[in-house]
Amino acid sequence: MTDKTPAVSLHGVTKRFGEEVVAVDNVDLQIQDGEFFSLLGPSGCGKTTTLRMIAGLEFPTEGSIRIFDEEMGLRPPNKRPVNTVFQSYALFPHMNVSENVGFGLKMQKVDGSEVRRRVGEAIDLVRLTGMERRSSKELSGGEQQRVALARALVNRPKVLLLDEPLGALDLKLRQTMQLELKDIQHEVGITFVYVTHDQGEALTMSDRIGVMNQGRLAQVGSAEDVYESPENLFVAGFVGEMCLLPAVVTEPGSVRLQSGEVIWARTSSPKGAEVTLTIRPEKLHIYSAASEAPPHRNALKGSIVRQTFYGEAMVYEVQIGLADLIEVRVENSPRIRRWSMGDEVVIDFHPEAAMALGE
Amino acid sequence: MTLLDERKTAEDEEVNPRLERRARRQESWRGFFHAAPAYVYLTFFFVLPLLIIFVFSFASRSNTGKPLLENWNLDSWTRLADPLVRTIAVRSLTMAIANTVLCLLIAYPFAYWIATRARQRTRTLLLIAVLIPFWSNFLVRTYAWRMLLDSDGYITQLGQLTGLWERMLFTQPAVFIGLVYGYLPFMILPLYAALERMDWSLIEAGRDLYASGSKAFRRITLPLSKPGIIAGSILVFIPSLGAYVTPDILGGAKTNLLGNLIVTQFQAARNWPFGSALSGVILIVMLVATMLYFRTGGRTI
Amino acid sequence: MTTLHQGAAARPGVDRSLAIFGWLVFAFLYLPILVVVVFSFSSSESVGKWGGFSLRWYEQMLKNEQILNALENSVVVALISTAVATVIGTAAALSLDRYRRWVGRGAFDGLLYLPIIIPDVTMAVMLLLWFTSTGVIPLGRGSITLAHIAFNISFVAIVVRARLAHMDPAMEDAAADLYANRWQAFRRVTLPLIMPGVLGGALLALTLSLDDVVITSFVQGPGSTTLPVYVFGLIRRTVTPVINAVSTLMIVVSMVLVLASLTIQNRTGRRTESKGTDQ
Chain A
2 MTDKTPAVSL HGVTKRFGEE VVAVDNVDLQ IQDGEFFSLL GPSGCGKTTT LRMIAGLEFP
62 TEGSIRIFDE EMGLRPPNKR PVNTVFQSYA LFPHMNVSEN VGFGLKMQKV DGSEVRRRVG
122 EAIDLVRLTG MERRSSKELS GGEQQRVALA RALVNRPKVL LLDEPLGALD LKLRQTMQLE
182 LKDIQHEVGI TFVYVTHDQG EALTMSDRIG VMNQGRLAQV GSAEDVYESP ENLFVAGFVG
242 EMCLLPAVVT EPGSVRLQSG EVIWARTSSP KGAEVTLTIR PEKLHIYSAA SEAPPHRNAL
302 KGSIVRQTFY GEAMVYEVQI GLADLIEVRV ENSPRIRRWS MGDEVVIDFH PEAAMALGE
Chain R
16 MTLLDERKTA EDEEVNPRLE RRARRQESWR GFFHAAPAYV YLTFFFVLPL LIIFVFSFAS
76 RSNTGKPLLE NWNLDSWTRL ADPLVRTIAV RSLTMAIANT VLCLLIAYPF AYWIATRARQ
136 RTRTLLLIAV LIPFWSNFLV RTYAWRMLLD SDGYITQLGQ LTGLWERMLF TQPAVFIGLV
196 YGYLPFMILP LYAALERMDW SLIEAGRDLY ASGSKAFRRI TLPLSKPGII AGSILVFIPS
256 LGAYVTPDIL GGAKTNLLGN LIVTQFQAAR NWPFGSALSG VILIVMLVAT MLYFRTGGRT
316 I
Chain G
335 MTTLHQGAAA RPGVDRSLAI FGWLVFAFLY LPILVVVVFS FSSSESVGKW GGFSLRWYEQ
395 MLKNEQILNA LENSVVVALI STAVATVIGT AAALSLDRYR RWVGRGAFDG LLYLPIIIPD
455 VTMAVMLLLW FTSTGVIPLG RGSITLAHIA FNISFVAIVV RARLAHMDPA MEDAAADLYA
515 NRWQAFRRVT LPLIMPGVLG GALLALTLSL DDVVITSFVQ GPGSTTLPVY VFGLIRRTVT
575 PVINAVSTLM IVVSMVLVLA SLTIQNRTGR RTESKGTDQ
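In order, the protein sequence lines correspond to chains A, R and G. In terms of this note's numbering, the first sequence opens at residue 2 and continues consecutively. In terms of this note's numbering, the second sequence opens at residue 16 and continues consecutively. In terms of this note's numbering, the third sequence opens at residue 335 and continues consecutively.
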């Protein structure tokens, strides 16, 4: 991490609004050059405020923000080497597409022919060729989003900040744009800082993710880290589907559930600690009897109490003993066996798939 | 100036991380800077003149009628207790209150009617139709009634025919009609603004929860349009308390109101201190009413 | 805003009586104005009698030196006071809408409303006292213009502020993010977007200035009488049909101004309503 200058580095950044509200609470973060970094969290977790502080639209109450090792201090947004794609796009309604895109270059007093050339390139990059003269309010949501992107990228910022840029689009368009954004980032090769509340979006697009909760960074890591090895219950619950079961550590590597069953699980908590067992529903398998299940794995007896059809998958809720409910997700493939309510089953999972997290 | 500031900030930032306070101070200065021209202008041509009224109300009069700023006294203020002045003040107050109430009674159903038209286009057209008299010259609109109520006009003839009134012009009812006519648009517009902004699905929700039509109106529409009612009432009450043009044109010499009394002190009577004291009374009423208005959290004038 | 207000107009009976009442109010608002306009074309010497169509009162109006002089004063005062008040009032609106915290903001907010509700007579009296007791500015066109600016600032500020409140603040963020300094952001983004409000405020100021009677009559000097003040003097002395003609002229001017204002608000309003902001 130290061999390269980070693109953005936050050091002890805190933002208070008034006396009471702490929007961002002592955040330390390094975003590497060329990285697609997502800030993920529920609404009100401080992710947008963090982004706005990097952009210079807000100033931290405490702490320092550096962009390529340059202290930003009170530097206003127009003097920072970053550009932003706003959540509402904020296209200027009194300008057409190319005027919008060329605005930043004009403000930087870039030569007229150069402006035209770069605006053309940027419009091609976001595939809006031929729409230069359109008024910005005649555009669809997806087109507006592309203009906003071109308007920011045309300035060749060192860092591009994106504030929930796909939030206003419908699902299909959003998926297309996710891939396109990723491609564009690859093409221009600059650092993207992407704010989103959609964990799926963050997982598919990001090199690294910073999960935020109540103004603090709950975990920073690669998409896989965050998904497979959540460091705390918040991340476990927020990223992806997760079954959470209360348990007690009996000895290193095994825990006892409320129902009394003892199973193997990854844990770092000491013996006797109260923990929460986390299991991803898609990592569980269902068998009709213990003998069918592969050996040396966890097996729990239970009965099916609910089933929900999701199209590509089926989710069964399995009651274990009296207290515990576990969700099992089964891919909807032709050879898979269907279960019905009340079936007595055995659910099976690898010890690695179960992880016990302390408070 | 900002460039230098920033460079300095960037340097000592590590030592003093309280950036935000400085940013806020800069914002504060910018806000003040934008307001400064208006602030200065209104100080010189509104606030100070407003205060000078009170200064002159304690002044004395020379023989020629010129106000003298020596011999401070309370004469002008004690004269307010004069029965004649009291009669005029009570008459003005009654007139202003009656005018406000009547304007409200006419304007509310009217504004409600426009605001509940289903089509945006209809609402806009009706609103334009209200705006035209609102923007038209107040003097001309008052003069129109002078014509209508003239001694050989139809309204006078109608009164004589039915025996209800002998003449209208230069009577108190004429002044009252003129005031209602003059200030009605000032009541309609804020009411319309409040009603048009309203979320009508609330009424539907109310009706859905078994409120009768009138109950839904009383419990939902009326409270929600309160800011408009208050704003409109202030906009009608205060100017009509100091009305001068209307009583002057329609009331003749008979109907004396505070406004005319003040003007007389500055013209014929040449008693500026007393005129100042009278204006001071109106100012105090105005300041109290405005403060009450801001206290209720209103902003829609 | 939804287009259907069914909840409000649930009962047809209530609705019909509201409609009848509504049209009666319109009749009340318009009939007197119409009477003035109609009789301005009457040849009769008596103001309220129809004596056949004629333009003689308009002819008389145009030949009257005093009326023309007063008209000139009105126009000069209105144009200057509007221009100054528009600039100062717009800046004041910006200070209140865009800057949330500065020393004296609350007092300023309240102060701006006072010139709107203060009775004309009171403002007239206090400005007369001020001009005569300070003696710096002689009574005349200058003092009238200064007085008009004082009440127009507030009206402009309120109209512009309403427009600013509807503007997406992200617009200015975006301009700053795209390397515009504060002045460029204002000139290129904010000003074009609030232009309908600025023009609307300016037209309102122009109308108010052209209409003012009481304040002007107090702070005027010899030869600086404006048209409404001159007409007011005429009405007080004697009513002649020339007043009908002048009144009609003033009504037409205000109608042109109100329609101009509405057209600007409407056309540019539609243009600047950003589609991107509704989510």
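Where is the CB? At the ideal position from N, CA and C, for every residue including glycine.
(request) Inspect the beta-carbon positions of G/Pro575 and G/Ser408 and report whether they are closer than 9 Å. (result) Here residue 575 of chain G refers to the residue found at position 241 of the third sequence. Here residue 408 of chain G refers to the residue found at position 74 of the third sequence. No, the Cβ-Cβ distance between G/Pro575 and G/Ser408 is not below 9 Å.
(request) Grab the span of the beta strand (DSSP E) containing A/Tyr16 for me, first residue to last. (result) Taking the first sequence and counting its residues from 1, the one referred to as residue 16 of chain A is at position 15. In the sequence as presented, Tyr is not what sits at residue 16 of chain A; that position holds Lys. Residues 9-18.
(request) Pick out whichever of A/Val221, A/Pro231, A/Ser230, A/Gly312 has its Cα sitting closest to the Cα of A/Ser207. (result) In the first sequence, residue 207 of chain A corresponds to position 206, counting from 1. Closest by alpha carbon: A/Val221.
(message) Only counting the same chain, and skipping five residues up and downstream in sequence, which positions put a Cβ closer than 7 Å to that of A/Asp70?
(response) Start at 1 with the first residue of the first sequence, and residue 70 of chain A comes out as number 69. Taken in chain order, the residues that qualify are Thr6.
(message) Do A/Met108 and A/Asn84 count as a contact pair if the criterion is CB distance below 9 Å?
(response) Locating residue 84 of chain A in the first sequence gives position 83, where the first residue counts as 1. Locating residue 108 of chain A in the first sequence gives position 107, where the first residue counts as 1. For A/Asn84 and A/Met108, no; Cβs fall outside 9 Å.
(request) Could you have a look at A/Ile191 and say whether DSSP puts it in helix, strand or coil? (result) On the first sequence, residue 191 of chain A is found 190 positions in, with the first residue counted as 1. If DSSP states are grouped into helix, strand and coil, A/Ile191 belongs with coil.
(request) Starting from G/Asn515, find everything on chain A with Cβ-Cβ shorter than 7 Å and list it in chain order. (result) Residue 515 of chain G sits at position 181 when you count from the first residue of the third sequence. Here the neighbours are Asn79.
(request) On a CA-only basis, which of A/Leu285, A/Gly322, A/Gln33, A/Phe87 is nearest G/Glu506? Give me that one, please. (result) Mapped onto the third sequence, residue 506 of chain G falls at position 172. Nearest C-alpha to G/Glu506: A/Phe87.
(request) May I ask you to report which of helix, strand or coil DSSP gives G/Arg495? (result) Mapped onto the third sequence, residue 495 of chain G falls at position 161. Three-state DSSP puts G/Arg495 in a helix.
(request) Report the three-state DSSP secondary structure of A/Lys302 (helix, strand or coil). (result) For the purposes of this step, residue 302 of chain A is taken as the residue at position 301 of the first sequence. Strand.
(request) With a threshold of 16 other CB atoms inside 10 Å of the CB of A/Gln145, please say whether the residue is buried or exposed. (result) Position 144 of the first sequence, counted from the first residue, corresponds to residue 145 of chain A. Its Cβ being crowded by 16 or more others within 10 Å, A/Gln145 is buried.
(request) Let me know if G/Ile354 comes out buried or exposed under the rule of 16 or more other beta-carbons within 10 Å of its beta-carbon. (result) Along the third sequence, read from residue 1 onward, the residue named residue 354 of chain G stands at position 20. Flag for G/Ile354 reads exposed.
(request) Could you tell me which uninterrupted alpha helix (DSSP H) segments, each at least 4 residues in length, are contained entirely in the stretch 137-183 of chain A, listed from first to last along the chain? (result) 142-154
(request) Classify R/Trp215 as helix, strand or coil using the three-state DSSP reduction. (result) Reading the second sequence from its first residue, position 200 is the one you call residue 215 of chain R. R/Trp215 falls in the coil class under three-state DSSP.
(message) To test your reading of the DSSP string, which unbroken beta strand (DSSP E) runs of 3 or more residues are found completely within the stretch 236-285 of chain A?
(response) 244-252, 255-258, 263-265, 275-280
(message) Taking the straight line between their C-alpha atoms, what separation do you get for A/Asp112 and R/Phe149?
(response) Numbered from its first residue, the first sequence carries residue 112 of chain A at position 111. Numbered from its first residue, the second sequence carries residue 149 of chain R at position 134. Whole-angstrom Cα-Cα distance: 51 Å.
(message) Between the stretch 476-487 of chain G and the stretch 20-37 of chain A, can you find at least three pairs of beta-carbon atoms closer than 8 Å?
(response) no
(request) Thinking G/Leu533 and G/Phe485 are a contact (beta carbons under 8 Å), I'd like their distance in whole angstroms, please. (result) Residue 533 of chain G sits at position 199 when you count from the first residue of the third sequence. Residue 485 of chain G sits at position 151 when you count from the first residue of the third sequence. Not quite, the Cβ-Cβ distance comes to about 19 Å (not below 8 Å), so this is no contact.
(request) Could you check the C-alpha separation between G/Asn398 and G/Phe566 for me, to the nearest Å? (result) By 1-based counting over the third sequence, the position of residue 398 of chain G is 64. By 1-based counting over the third sequence, the position of residue 566 of chain G is 232. Each residue's alpha carbon lies about 16 Å from the other.
(message) What residue range does the alpha helix (DSSP H) around R/Leu250 cover?
(response) Working through the second sequence from its first residue, we reach residue 250 of chain R at position 235. Residues 241-256.
(message) With H, G and I counted as helix, E and B as strand and the rest as coil, what does DSSP make of A/Ala355?
(response) The residue you call residue 355 of chain A lines up with position 354 of the first sequence. Looking at A/Ala355 - three-state DSSP - the assignment turns out to be strand.
(message) On the DSSP letters alone, give me the boundaries of the beta strand (DSSP E) that G/Arg521 sits inside.
(response) Walking along the third sequence from the start, residue 521 of chain G turns up at place 187. Segment: none, G/Arg521 is in no beta strand (DSSP E) and carries neither H nor E.
(message) Does A/Met315 come out as helix, strand or coil in the three-state DSSP assignment?
(response) Within the first sequence, residue 315 of chain A is the residue found at index 314, counting from 1. DSSP places A/Met315 in strand when its eight states are reduced to three.
(message) Beta-carbon within less than 8 Å of G/Ala594's beta-carbon, same chain only, minus the 5 sequence neighbours each way: which residues are those?
(response) Position 260 of the third sequence, counted from the first residue, corresponds to residue 594 of chain G. Correct list, in chain order: Leu537.
(request) Indicate whether at least one CB of chain A lies closer than 9 Å to the CB of G/Arg434. (result) Position 100 of the third sequence, counting from 1, holds the residue named residue 434 of chain G. No, G/Arg434 lies away from the interface with chain A (no Cβ there is under 9 Å from its Cβ).
(message) Relative to the C-alpha of R/Arg234, which candidate in R/Ala220, R/Gly80, R/Ile245 has its C-alpha closest?
(response) Here residue 234 of chain R corresponds to residue number 219 of the second sequence, with the count starting at 1. That would be R/Ala220, whose Cα lies nearest to the Cα of R/Arg234.
(request) Measure the alpha-carbon distance for A/Tyr288 versus A/Asp349 and round it to whole angstroms. (result) In the first sequence, the residue the question calls residue 288 of chain A occupies position 287. In the first sequence, the residue the question calls residue 349 of chain A occupies position 348. Those two C-alpha atoms are separated by around 7 Å.
(request) Give a yes or no on contact between the stretch 45-59 of chain R and the stretch 271-283 of chain R, applying the rule of three or more CB pairs nearer than 8 Å. (result) no
(request) Flag this pair as touching only if the stretch 347-366 of chain G and the stretch 155-163 of chain R have three or more C-beta atom pairs under 8 Å; answer yes or no. (result) yes
(request) Compute the distance between the beta-carbons of G/Leu446 and G/Ala496, then report whether it is under 9 Å. (result) Position 112 of the third sequence, counting from 1, holds the residue named residue 446 of chain G. Position 162 of the third sequence, counting from 1, holds the residue named residue 496 of chain G. Not closer than 9 Å, so no.
(request) State the Cα-Cα distance for the pair R/Leu239 and G/Gly444, rounded to the nearest angstrom. (result) Along the second sequence, read from residue 1 onward, the residue named residue 239 of chain R stands at position 224. Along the third sequence, read from residue 1 onward, the residue named residue 444 of chain G stands at position 110. So the alpha carbons of these two residues sit roughly 23 Å apart.
(message) In the DSSP output, what is A/Glu345 paired with across the bridge?
(response) Residue numbering aside, residue 345 of chain A sits at position 344 when the first sequence is read from its first letter. BP columns for A/Glu345 point to A/Ser304.
(message) Using a Cβ-Cβ cutoff of 7 Å, what residues of the stretch 67-100 of chain A are near chain G? List them in chain order.
(response) Pro77, Pro78, Asn79, Asn84, Thr85, Phe87, Ser89, Tyr90, Ala91, Leu92, Phe93, Pro94, His95
(message) Under DSSP, the alpha helix (DSSP H) around G/Asn403 begins and ends at which residues?
(response) Residue mapping note: residue 403 of chain G aligns to position 69 of the third sequence, counting from 1. Its alpha helix (DSSP H) spans residues 399-432.
(request) Figure out for me which residue from R/Ile129, R/Ala133, R/Ser91, R/Arg156 has the closest Cα to the Cα of R/Ile143. (result) By 1-based counting over the second sequence, the position of residue 143 of chain R is 128. If we check each option's Cα against that of R/Ile143, R/Ile129 comes out closest.
(message) On the criterion of 16 or more Cβ atoms from any shown chain inside 10 Å, does A/Ser195 qualify as buried, or is it exposed?
(response) The residue you call residue 195 of chain A lines up with position 194 of the first sequence. In the sequence as displayed, the identity of residue 195 of chain A is Tyr instead of Ser. Burial call: buried.
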